[in-house]
Ligand code: C5P
């Protein structure tokens, strides 16, 4: 009998970042989490994960780029472990457990930034591990696996723009950007201050009273989800930027955790003359542009200002980059089929 491990080859996955275009905290749940209503778009900015079976030893993780923190906390290793348990009966080498994996991560998404990087890595790891082992688990089971790792992980099991509800386990694909002829893919300027923000701390500040008037972000989010569900042109999306930038219920709480975020955000708004939104629980700020070129120009303006008149929270310079909303209507169409499985998902882990 051939050795199932020897037949397996390395699997590579891109794990995209996300930004929340809206984020309403709808209520507190009995389990300590919060119910959300959030419209999320994936970005071209992505980590690169590769996994390859290794015949001996345990799972390993080698990281280049941004430091993701202690290995023991890493969602990739947790995702691989949980996926192994779920896949033990379905891979070709059953009933033996699937072999150890060597994971390599190029970490290009800042960590604990509100960009969902750690959660996206975990979703990519589930997918890559299953493929590396030639195993399959039912779609509902995959979502359960994902949700058990972090509130944001199910979101990344769906490609494309999505509405996230519940704690993060209900994900509905949205059509998202519907480019008109001649329109570029929308550009996104990201500014991530050099300060890690833990999601739990921001929710704790929210619970302690750092909340906006209830219902406003929710109404914006519901209205926008319905418009974005059938698709918006790039111009229509940009027209809505000011409303979206003010529709994050965690902004006040993030400002309690990182007070310098408030003057930084105001200064960037004045500098660029555009609405500046907060992604997730922060600290990443986003600005939408009609094209990558315009986002790049803005990144240059911000980087130059940071050398003298603009000061940002944290020790050291913020990470400033221009990217795009990930194009991909095909991905959206494919996601729409998967979504029939009635999944759900947002928020983000404190590691990403
Ligand atoms: O699920 P995850 O590990 O990403 O969540 C980190 C923390 O953020 C949770 O422990 C919880 O305090 C908070 N959270 C929440 N409601 C959510 C998602 C996260 O209160 N929907």
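Numbering (the working numbering), first residue to last: 1 to 352. Where a beta carbon is used, it is the ideal one built from N, C-alpha and C, also for glycine.
Name the two residues that bound the continuous alpha helix (DSSP H) containing residue i.
i: residue 354; result: With the chain covering only 1 through 352, there is no way to say anything about residue 354.
i: residue 88; result: Careful: residue 88 lies outside any alpha helix (DSSP H) and carries neither H nor E.
i: residue 293; result: 292-307
i: residue 254; result: 251-257
i: residue 243; result: 241-245
i: residue 163; result: Looking at the DSSP string, residue 163 is not in any alpha helix (DSSP H); the run it does join, the beta strand (DSSP E), is 162-166.
i: residue 271; result: 261-272
i: residue 139; result: 139-149
Can you find the residues in the same chain that come closer than 7 Å, C-beta to C-beta, to residue i, ignoring five residues on each side of it along the sequence?
i: residue 350; result: For residue 350, the pLDDT reaches just 34, beneath the cut-off of 50, and the residue's location in the model is therefore unreliable, leaving the point undetermined.
i: residue 330; result: Residue confidence is low: residue 330 scores 38 on pLDDT, short of 50, so the model does not pin down where it sits. Its coordinate-derived value is still stated next. Same-chain partners within the cutoff: there are none.
i: residue 321; result: 45, 190 and 299
i: residue 26; result: 35, 36, 37 and 218
i: residue 237; result: 177, 186 and 288
i: residue 309; result: none
i: residue 29; result: 35 and 167
i: residue 13; result: 49, 124, 127 and 128
i: residue 346; result: Caution is warranted here: a pLDDT of 26 is assigned to residue 346, below 50, making its placement in the model unreliable, and no coordinate value can be reported.
Can you tell me whether DSSP reads residue i as helix, strand or coil?
i: residue 121; result: helix
i: residue 127; result: helix
i: residue 226; result: helix
i: residue 73; result: helix
i: residue 211; result: coil
i: residue 111; result: coil
i: residue 13; result: strand
i: residue 181; result: coil
i: residue 330; result: At residue 330, the pLDDT of 38 sits below 50, so the modelled position is not reliable and the matter cannot be decided from this model.
i: residue 315; result: coil
i: residue 220; result: helix
i: residue 275; result: coil
i: residue 195; result: coil
i: residue 83; result: helix
i: residue 153; result: coil
i: residue 205; result: helix
i: residue 132; result: helix
i: residue 94; result: coil
i: residue 200; result: helix
i: residue 237; result: helix
How far does the beta strand (DSSP E) with residue i in it reach, from first residue to last?
i: residue 319; result: 319-324
i: residue 173; result: 170-173
i: residue 191; result: 187-192
i: residue 287; result: 285-289
i: residue 61; result: 60-65
What residue from the options has the CA that sits closest to residue i's CA?
i: residue 131; options: 160, 117, 92 and 144; result: 92
i: residue 203; options: 120, 77, 52 and 249; result: 249
i: residue 401; options: 31, 10, 40 and 32; result: Nothing in the structure corresponds to residue 401, since the chain is present only between 1 and 352.
i: residue 95; options: 85, 251, 234 and 210; result: 85
i: residue 316; options: 324, 326 and 303; result: 303
i: residue 48; options: 108, 75 and 69; result: 108
i: residue 101; options: 152, 172 and 55; result: 55
i: residue 137; options: 168, 87 and 170; result: 87
i: residue 15; options: 72, 83, 52 and 127; result: 127
i: residue 90; options: 265, 11 and 141; result: 141
i: residue 273; options: 280, 295, 282 and 258; result: 295
i: residue 353; options: 60, 180, 66 and 222; result: The first residue shown for the chain is 1 and the last is 352, placing residue 353 beyond what the model contains.
i: residue 151; options: 280, 324 and 66; result: 280
i: residue 133; options: 220, 11 and 33; result: 11
i: residue 297; options: 160, 59 and 323; result: 323
Just to confirm my understanding: we take residue i, look at its own chain, exclude 5 residues before and 5 after, and list those with CB closer than 6 Å. What are they?
i: residue 104; result: 50 and 62
i: residue 147; result: 154 and 169
i: residue 64; result: 106
i: residue 260; result: 313
i: residue 319; result: 110 and 192
By Cβ distance, which residues of its chain are closer than 8 Å to residue i, with the 5 residues on each side in sequence left out?
i: residue 210; result: 252, 253, 255 and 256
i: residue 78; result: 122 and 149
i: residue 293; result: 184 and 187
i: residue 224; result: 21, 22, 39, 240, 243, 244 and 247
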